[in-house]
Amino acid sequence: MAPKKSKRSASDDSSSDSGPDDRNPPPKKSKPTDKGSSKKTNSNEEEHSFTLDKNRFVKVREFRGKLFIDIREFYEKNGEILPGKKGISLSVSQWNRLKEQIDDIQESVEKLG
1 MAPKKSKRSA SDDSSSDSGP DDRNPPPKKS KPTDKGSSKK TNSNEEEHSF
51 TLDKNRFVKV REFRGKLFID IREFYEKNGE ILPGKKGISL SVSQWNRLKE
101 QIDDIQESVE KLG
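Residues in the sequence shown are numbered from 1 upward in steps of one, following full-length UniProt numbering.
Structure below.
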């Protein structure tokens, strides 16, 4: 037969249920960001930014060794300009395909507008 386990006293149970002394998690630290018309990244390459509207920008940037054209809406929070969910990142081949079709797109805009 297996030996019987001893019962805990009431004081042992209450101390284990009390949880940690500090129930509030430590506050998260935000990463500092510097937004400008163009900025240096860690790899000493530039990120070029072009304004389309008040909060919409086109940015040419490198991500994981690949070049992207990022068309995105930004928002301001606590004095910082942060990227929003609304936007698209185009690879260089997608960007070139868009440029090839720009005359047809402009023609459609003129017909409908």
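Note that the Cβ used here is the ideal one computed from N, Cα and C, for glycine as well.
**Request:** Leaving out five residues on either side along the sequence, give the residues of the same chain with a beta carbon under 7 Å from the beta carbon of Lys-4.
**Result:** Short of 7 Å from the beta carbon of Lys-4, and not among the five residues preceding or following it, lies no beta carbon of its own chain.
**Message:** For residue 114, count the other beta carbons within 10 Å of its own beta carbon; 16 or more makes it buried, fewer makes it exposed. Which is it?
**Reply:** Because the chain in this structure spans residues 1 to 113, residue 114 falls outside the shown range and cannot be described.
**Asked** What distance in whole Å lies between the Cβ atoms of Asn-55 and Phe-74, which are believed to be in contact at a cut-off of 8 Å?
**Response** 5 Å
**Asked** Looking at C-alpha atoms only, which residue of Lys-86, Glu-100, Glu-110 and Glu-47 is the closest neighbour of Ile-71?
**Response** The candidate whose alpha carbon is nearest that of Ile-71 is Lys-86.
**Inter-residue Cα distance where the pair is His-48 and Phe-57** = C-alpha separation (whole angstroms): 10 Å.
**Asked** Going straight from the alpha carbon of Glu-100 to that of Gly-65, what length do you get?
**Response** 25 Å
**Item:** CA-to-CA distance, Ser-108 to Val-92, given in whole angstroms
**Value:** Approximately 24 Å between the Cα atoms of the pair.
**Message:** Looking at the strands, I want to know which residues DSSP matches up with Ser-49.
**Reply:** Lys-59
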